[in-house]
Amino acid sequence: MKKVEAIVRHFKLEDVKNSLTECGIQGMTVTEVRGFGRQKGHTEMYRGTEYAVDFVPKVKIEVVCSDTDLKKLVDAVLKAAQTGQIGDGKIFVSDLHESIRIRTGETGEEAL
Amino acid sequence: MKKVEAIVRHFKLEDVKNSLTECGIQGMTVTEVRGFGRQKGHTEMYRGTEYAVDFVPKVKIEVVCSDTDLKKLVDAVLKAAQTGQIGDGKIFVSDLHESIRIRTGETGEEAL
Amino acid sequence: MKKVEAIVRHFKLEDVKNSLTECGIQGMTVTEVRGFGRQKGHTEMYRGTEYAVDFVPKVKIEVVCSDTDLKKLVDAVLKAAQTGQIGDGKIFVSDLHESIRIRTGETGEEAL
Amino acid sequence: MRTFLRLQVLLWLLVLTFVPTCALFAADEPAVASEPEDDALSTGDNAWMLASSALVLMMTAPGLAMFYGGLVRKKNVLGVMMQCFFLMGLMSVLWAVVGYSFAFGGEGGWSWFSFEYFAMTGVGSEWNEAAGRPVTPMYDASIPLLTHMVFQGMFFIITPALICGAFAERMKFSTMAVFCIIWGLFVYCPLCHWVWDGGPLALGVEGAVAGGALDFAGGTVVHISSGSSALVCALLIGNRLGFGKDPMPPHNLTYTAMGAAMLWVGWFGFNAGSALSAGGSASGAFVATHLSAAAGAIAWPIMEWITRGKPSILGACSGAVAGLVCITPACGFVLPMPAIIMGLAAGVVCFYACTTLKAKLGYDDALDAFGVHGIGGTLGAVLTGVFATKHVYDGYGGGASLGLAEGNASLIIGQIVAVIITLVFSMGVTFVILKILDATMGLRVSQESEVRGLDLSEHGEEGYIFL
Amino acid sequence: MRTFLRLQVLLWLLVLTFVPTCALFAADEPAVASEPEDDALSTGDNAWMLASSALVLMMTAPGLAMFYGGLVRKKNVLGVMMQCFFLMGLMSVLWAVVGYSFAFGGEGGWSWFSFEYFAMTGVGSEWNEAAGRPVTPMYDASIPLLTHMVFQGMFFIITPALICGAFAERMKFSTMAVFCIIWGLFVYCPLCHWVWDGGPLALGVEGAVAGGALDFAGGTVVHISSGSSALVCALLIGNRLGFGKDPMPPHNLTYTAMGAAMLWVGWFGFNAGSALSAGGSASGAFVATHLSAAAGAIAWPIMEWITRGKPSILGACSGAVAGLVCITPACGFVLPMPAIIMGLAAGVVCFYACTTLKAKLGYDDALDAFGVHGIGGTLGAVLTGVFATKHVYDGYGGGASLGLAEGNASLIIGQIVAVIITLVFSMGVTFVILKILDATMGLRVSQESEVRGLDLSEHGEEGYIFL
Amino acid sequence: MRTFLRLQVLLWLLVLTFVPTCALFAADEPAVASEPEDDALSTGDNAWMLASSALVLMMTAPGLAMFYGGLVRKKNVLGVMMQCFFLMGLMSVLWAVVGYSFAFGGEGGWSWFSFEYFAMTGVGSEWNEAAGRPVTPMYDASIPLLTHMVFQGMFFIITPALICGAFAERMKFSTMAVFCIIWGLFVYCPLCHWVWDGGPLALGVEGAVAGGALDFAGGTVVHISSGSSALVCALLIGNRLGFGKDPMPPHNLTYTAMGAAMLWVGWFGFNAGSALSAGGSASGAFVATHLSAAAGAIAWPIMEWITRGKPSILGACSGAVAGLVCITPACGFVLPMPAIIMGLAAGVVCFYACTTLKAKLGYDDALDAFGVHGIGGTLGAVLTGVFATKHVYDGYGGGASLGLAEGNASLIIGQIVAVIITLVFSMGVTFVILKILDATMGLRVSQESEVRGLDLSEHGEEGYIFL
Ligand SMILES: Nc1ncnc2c1ncn2[C@@H]1O[C@H](COP(=O)(O)OP(=O)(O)O)[C@@H](O)[C@H]1O
Ligand SMILES: Nc1ncnc2c1ncn2[C@@H]1O[C@H](COP(=O)(O)OP(=O)(O)O)[C@@H](O)[C@H]1O
Ligand SMILES: Nc1ncnc2c1ncn2[C@@H]1O[C@H](COP(=O)(O)OP(=O)(O)O)[C@@H](O)[C@H]1O
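Protein chains in written order, with this note's numbering: chain A, 682 to 793; chain B, 682 to 793; chain C, 682 to 793; chain D, 13 to 479; chain E, 13 to 479; chain F, 13 to 479.
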């Protein structure tokens with residue numbers, strides 16, 4: 682099994698979710714994160730004091746899938762999240778040792 | 682070492698924490714996440730506009746442990762987090778390359 | 682490639698970010714987390730009811746880097762985040778299978 | 013089940029539309045050709061009473077809604093705010109239709125079912141042939157009956173809203189609404205009638221029980237009645253799921269603090285407005301109110317400081333409210349310095365009631381409606397018998413001594429008797445109402461709804477969407 | 013582009029400084045030696061009017077600012093609050109310089125460009141040689157012109173602020189400011205003049221259109237004008253990006269609820285203050301306002317309960333506001349029970365307007381400025397023609413019947429004509445203004461700015477930094 | 013250490029209970045048989061003054077508490093709110109016991125230690141044998157002394173609360189409380205006495221310094237005193253940890269905006285209430301206040317627009333407050349248009365003070381108490397000398413010219429001298445108090461507490477629990 686972490690723009694979440702469900706993914710977990718990267722943040726000014734806000738709000742989507750589904754899934758994210766502008770985000774893929782469904786105790790790909 | 686990520690129901694956090702500390706775990710890290718899965722979200726209605734809120738609030742608990750502790754730990758989570766209803770959550774286990782305690786610079790299982 | 686997760690104190694974020702950019706890191710992702718560990722939380726008292734708040738606010742910094750940059754990076758975090766007090770946090774390192782830049786579709790270390 | 017609910021709701025709507033429609037025609041009866049009495053209207057008094065009415069409405073929302081809203085868990089914030097807000101609508105309509113008539117219509121005595129002012133008959137202005145202009149009926153010489161009605165109507169809102177603190181985070185919304193209607197008509201109206209409409213609990217009324225009692229702005233009528241009913245509610249509905257096990261800290265103390273501040277500000281309308289005029293009595297009540305709140309706001313956190321090492325803002329807010337509750341029956345009868353003493357006493361006593369006592373007894377009065385309003389109101393009613401003075405109010409006429417501190421022991425007996433009657437009556441009737449509702453509609457939301465929170469399960473909304 | 017903007021801004025600043033400076037010297041002209049008329053000043057009336065003015069300002073902020081602020085998405089919360097707050101500054105200065113003069117200066121009739129009170133000439137007090145003291149010009153016998161000016165000035169703020177609900181989350185701030193200035197002078201001022209300064213829409217004025225209409229506190233002037241203009245705005249500026257596709261739930265309903273409560277409280281100043289005195293008329297308006305709001309606050313959620321199974325707090329708040337809007341033109345002319353009927357009607361009608369109607373037509377009136385203020389105001393203006401009664405207001409003199417319910421059909425015709433004139437005039441002028449602004453400044457922020465949110469893109473700030 | 017603290021606290025509690033108890037008996041002295049003078053009470057004036065008192069309390073909380081609370085970091089939000097709330101209690105009790113007596117008791121002159129009204133002696137009502145009823149002592153012909161006392165008492169709360177902006181996020185709560193007590197008695201009371209109780213800074217008083225000065229509602233007494241003391245506090249307590257390095261943006265600008273709006277609304281009570289009546293003077297002050305706030309609310313963001321390209325809501329709020337501060341001393345003496353000029357000036361000058369000046373000097377006046385209240389107050393006091401006019405206030409009698417704009421140069425000299433005296437006195441005494449407290453109790457929380465935030469370390473609570 683693989684764990685895919687995609688860090689995408691906030692307002693792309695709805696699109697990515699739809700795109701993933703279309704290609705058969707049945708579960709995912711989403712976290713609010715802030716990203717630092719090529720995309721510059723912005724400055725905010727409060728009564729004459731300027732703050733550089735380097736971190737841009739992003740959304741992290743975590744999906745665990747079988748090795749065979751990996752490519753399909755990555756492509757789905759790529760398609761849905763791309764705007765072509767700096768700051769589109771990243772996809773990170775890593776190996777997963779085991780996965781368990783708490784409700785039933787099922788393990789492995791059955792648990793997804 | 683193994684990293685265990687458990688995505689559980691919000692109101693089970695206290696129970697899981699207690700169950701983990703009972704079985705000797707000394708540290709964990711918790712994140713607010715939102716999950717999408719078999720458990721359906723709900724619809725909210727604002728002045729006649731209906732929104733499907735697909736993402737359900739969940740809590741992600743991350744624990745790093747030695748390989749030997751793994752089973753004990755997974756069982757503890759399973760026991761504490763189960764309600765038997767759809768939406769109980771998942772446990773994901775992956776391998777960890779290294780862990781370091783920032784305060785002392787200790788590495789490996791010593792750092793936990 | 683390696684994924685480094687550093688859980689540090691809230692008010693050290695700015696320092697760690699600077700220290701990382703100085704050693705050439707161009708991207709990172711930050712999440713608000715709450716940690717449980719040797720550092721005790723605190724008790725809050727509301728109209729005579731006492732609550733033990735076991736979880737301490739922490740910040741999780743995720744950085745993906747090449748295997749060669751790993752040491753430099755870990756040292757940078759160690760230096761910037763250390764106060765010597767209990768609760769300084771941990772660094773967890775794991776292997777990464779793949780990384781992709783959504784904007785361009787580049788993969789591997791190019792994508793960082 | 014759901015169909016039943018809907019039918020029920022429809023019925024209400026019909027009634028609510030029907031009653032005023034009738035009344036519309038009722039009001040159309042030939043105008044009486046009496047002499048207008050509204051020449052004596054004092055614009056100064058009326059200006060203050062209108063401002064006070066606005067202030068008292070502000071107490072329920074944003075005041076109480078923020079105060080209570082901040083104290084619950086995030087998932088129930090809209091639930092409590094909705095209770096306050098909906099009651100602003102529901103109780104006001106009820107008041108106009110029958111409440112005011114029950115409370116202030118008819119003669120004195122124990123019976124309170126007068127339809128004198130039913131559907132505002134004789135309250136609104138009327139074309140006066142003799143004067144050749146519309147004439148507004150007056151309450152007494154200086155303010156229109158309309159002003160009195162609306163000012164008192166604001167009390168009819170906040171009193172049941174206070175009770176909501178007891179069953180917060182678990183009561184069914186529909187049952188809450190029905191409960192408040194019945195409670196209003198069968199607990200609030202009679203008490204109001206007995207105390208403020210020349211009934212058997214009022215001082216100086218012939219045949220008053222134990223000589224009658226003083227209650228300037230609602231120590232018995234508002235606070236003891238709601239506080240003691242709240243205790244019954246908390247006991248009958250049972251503790252929140254996970255009570256004593258899961259942490260249930262206030263989710264937004266900034267709301268609680270701002271709500272407490274608005275309560276303080278609004279209470280000036282509540283108490284000084286109860287003078288029903290803008291003269292020296294209003295000023296005296298205003299000052300007493302302010303000083304008692306101030307004293308409470310320091311006493312409670314200082315108690316925390318001493319016993320636990322840290323003064324908290326929740327303590328300061330609770331203390332201020334306790335001081336305000338305690339001075340409510342007394343504010344028009346006491347001098348400034350005793351007001352400070354009453355505030356200090358309220359801060360200390362309610363602190364123990366909400367911390368030690370509640371913890372010992374183990375009931376779940378979620379937002380301490382009993383601990384603050386029940387205990388504080390009782391304390392205030394009794395202390396009124398101690399500190400009321402002829403220097404402020406000539407209760408017995410001719411400058412006779414009034415309170416215990418002046419050497420008269422009879423007032424305090426009347427006060428204590430009035431407290432007991434109020435306690436027994438409120439708790440008894442509340443018990444009966446709740447038992448009936450429990451058997452018919454059910455008091456409590458399902459366990460699943462409670463875990464999800466009332467915002468989603470009862471109202472289908474979320475308080476904050478910050479993502 | 014930016015330089016142009018800056019120049020423009022600088023220019024304004026100059027104008028704003030220049031005009032008052034002139035006026036300063038204008039006001040320095042030799043004082044007239046007339047007899048002082050301010051002996052008739054009623055401190056009671058003035059006390060109530062000053063309190064009312066404060067209450068009406070509170071309606072715009074915190075009231076409306078929280079009500080609207082809570083309804084938008086988090087990234088635009090400061091955007092709408094800033095619109096409200098900035099208008100408090102901008103419209104007030106404009107009102108003092110020319111607005112008041114346009115609205116209330118000169119003779120009646122259609123023309124409204126009077127400079128009688130330009131830059132407050134003749135409004136402030138003046139040294140009176142004969143009396144040997146400064147004398148304050150009076151509006152009528154009982155309150156100073158200054159009080160009237162500032163009270164009416166508060167209406168000049170909130171009316172355009174209401175429109176902001178329609179173009180929320182996408183309008184350029186600079187264009188919004190210019191729009192409000194022009195709209196104020198060319199829509200609000202004439203309407204105000206026609207209705208409240210003895211113009212051709214006022215009842216009883218010679219040559220009034222269709223006999224004239226009644227508008228106690230601004231059904232036409234404030235709500236129909238702003239509501240219908242809001243619809244034009246929503247249509248011309250277009251829907252928000254992602255409208256109908258992305259979820260756009262209110263980000264903070266606790267703000268919305270607290271804002272609605274403050275609107276309710278502030279509306280007492282708005283409506284009862286429109287009596288311009290603290291007598292029976294103010295009391296009657298106060299009561300009608302309260303009961304209509306109350307009825308609306310229960311009608312809307314009960315409609316939700318019936319049609320969808322759950323009453324929501326947003327429904328209760330919307331219903332209360334609808335009730336308040338609806339009673340605004342009527343509050344000084346109707347009895348309490350009809351006020352309840354009007355509130356119930358407003359709750360039900362606006363519920364359908366904001367849910368079914370809007371969904372069918374598909375325009376994006378983000379915060380329902382049209383659905384609540386346009387529809388509710390129209391309903392109120394018409395129902396005023398039904399329920400206005402001689403028992404409250406002797407409109408035709410001699411106790412002649414007033415509303416349809418009393419058997420007189422002529423008033424309601426005047427009401428309907430006034431509504432139509434207001435609708436056509438407001439929408440027409442708004443259309444022209446927006447077309448011109450669209451061609452010159454542009455109405456809408458860039459797509460990128462809209463996605464980021466107005467808080468950051470237009471003001472460089474964030475609402476909440478909770479990390 | 014902790015034991016010491018507890019003892020101290022206990023001591024206070026004893027004193028606080030003791031003093032009023034004594035007073036209770038003091039007030040029990042035989043009533044004087046003089047003729048009642050309260051027949052001249054004007055209910056209109058009293059109605060307005062009571063409403064004003066409520067408005068001024070609302071300025072401290074929710075007003076200032078939200079304004080300041082939103083500006084700090086999340087971890088300190090309860091800290092500043094608690095300071096405001098606790099001061100509402102503490103300063104009120106202090107005022108009733110000795111503050112009012114010091115400020116308004118005794119004769120004029122520099123000395124201010126009068127015990128005339130100690131513990132409210134002679135302030136509350138008293139049984140009057142001659143009249144056969146309780147009689148309320150009057151302040152002057154039209155309002156009770158009680159009303160005057162409580163209205164002025166609200167100023168005694170907000171003035172030290174303003175200072176809290178300077179040492180926000182790092183001051184020890186206990187030291188803050190002690191500081192405010194001493195500061196109130198040794199800075200506020202004397203200034204109040206000198207300016208408003210016929211002391212040597214009041215215009216027209218024999219022997220007034222440089223002819224005396226005009227201060228309608230507290231330019232010197234409230235704003236210069238608190239603003240300049242705030243500067244001393246900021247300097248002596250030192251910068252916040254990480255100041256200039258870590259970002260410290262306002263954590264909740266929605267609170268700040270709503271707080272500013274409430275300050276604006278409440279300021280009507282502050283300024284127009286300072287007329288102590290509801291006549292033309294109150295109306296004039298009300299209008300001047302509103303227009304100056306409005307002008308400030310546009311001037312500051314327009315400055316930002318010009319210099320930085322974006323107007324911000326924090327700018328609009330800051331500008332409104334600056335305008336309000338600036339008009340405070342002048343509001344009862346100037347015409348509407350000059351009020352606009354003063355507001356514009358305040359907006360521009362305070363903008364530079366808070367941005368350029370502060371940045372250059374590098375002190376950490378966290379919430380700009382000095383930049384807004386110190387600078388704005390000084391500007392206002394000086395401009396009062398320019399724009400005060402005989403058309404509004406006949407300061408010298410017989411219609412003699414008043415301000416510089418009318419050709420009289422002597423007033424402005426008196427104003428400047430009064431400003432200098434206030435500045436030197438306030439800063440000097442504040443310096444001494446702080447030095448003593450630093451040596452005894454310590455001013456600042458530990459570094460660890462500061463990092464954790466005052467909410468947890470000083471009060472053991474959290475502002476928001478949103479999980
Ligand atoms: N090395 C990295 N490790 C972890 N997260 C990263 C890394 N580099 C970038 N990110 C995440 O990806 C987001 C987008 O990266 P950015 O450099 O701004 O744009 P792009 O990927 O289009 O070049 C960042 O905001 C950050 O959250
Ligand atoms: N493939 C997945 N990858 C990541 N997280 C998942 C995945 N499937 C489910 N989850 C997480 O697990 C939670 C519970 O899953 P759900 O399907 O609702 O219930 P159950 O596991 O009992 O069948 C989801 O809310 C989501 O956070
Ligand atoms: N086994 C673990 N798994 C995951 N996170 C951990 C673990 N142990 C500690 N942490 C994280 O590290 C933080 C610091 O740990 P703590 O024991 O308090 O201090 P120290 O590392 O200095 O001994 C914790 O708050 C928690 O977030």
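Even for Gly, the Cβ is constructed at its ideal location relative to N, Cα and C.
Chain E partners of residue i, CB-CB under 8 Å?
| i | result |
| --- | --- |
| residue 725 (chain B) | 261 |
Using the rule of at least 16 other Cβ atoms within 10 Å of the residue's Cβ for burial, across every protein chain shown, is residue i buried or exposed?
| i | result |
| --- | --- |
| residue 344 (chain D) | buried |
| residue 283 (chain F) | buried |
| residue 135 (chain E) | buried |
| residue 465 (chain F) | buried |
| residue 462 (chain F) | buried |
| residue 42 (chain E) | Low local confidence applies: a pLDDT of 44 at residue 42 (chain E) is under 50, so the model's placement there is unreliable, and no value is given. |
| residue 275 (chain E) | buried |
| residue 506 (chain F) | Any question about residue 506 (chain F) goes unanswered here, given that chain F covers just 13 to 479. |
| residue 471 (chain E) | buried |
| residue 279 (chain E) | buried |
By the criterion of Cβ-Cβ separation under 9 Å, what are the contact partners of residue i in chain B?
| i | result |
| --- | --- |
| residue 716 (chain C) | 708, 709, 710 and 711 |
Given a cut-off of 8 Å, decide if residue j and residue i are closer than it, judged by their beta-carbon atoms.
| i | j | result |
| --- | --- | --- |
| residue 754 (chain C) | residue 685 (chain C) | yes |
| residue 227 (chain D) | residue 120 (chain D) | no |
My understanding is that residue i touches residue j, with C-beta atoms under 8 Å, so please give their C-beta distance in whole angstroms.
| i | j | result |
| --- | --- | --- |
| residue 415 (chain E) | residue 50 (chain D) | That belief does not hold up - the Cβ atoms of residue 415 (chain E) and residue 50 (chain D) are roughly 23 Å apart, past 8 Å. |
| residue 488 (chain E) | residue 132 (chain E) | With chain E covering only 13 through 479, there is no way to say anything about residue 488 (chain E). |
Chain A partners of residue i, CB-CB under 7 Å?
| i | result |
| --- | --- |
| residue 463 (chain E) | 692 |
Can you list the residues of chain D that residue i reaches, using a CB-CB cut of under 7 Å?
| i | result |
| --- | --- |
| residue 326 (chain E) | 473 |
Below 9 Å on C-beta distance, what does residue i contact in chain C?
| i | result |
| --- | --- |
| residue 775 (chain A) | 684, 775, 776, 777, 778 and 779 |
Which chain E residues are close to residue i, counting only those with a beta carbon under 7 Å from its beta carbon?
| i | result |
| --- | --- |
| residue 695 (chain A) | 258 |
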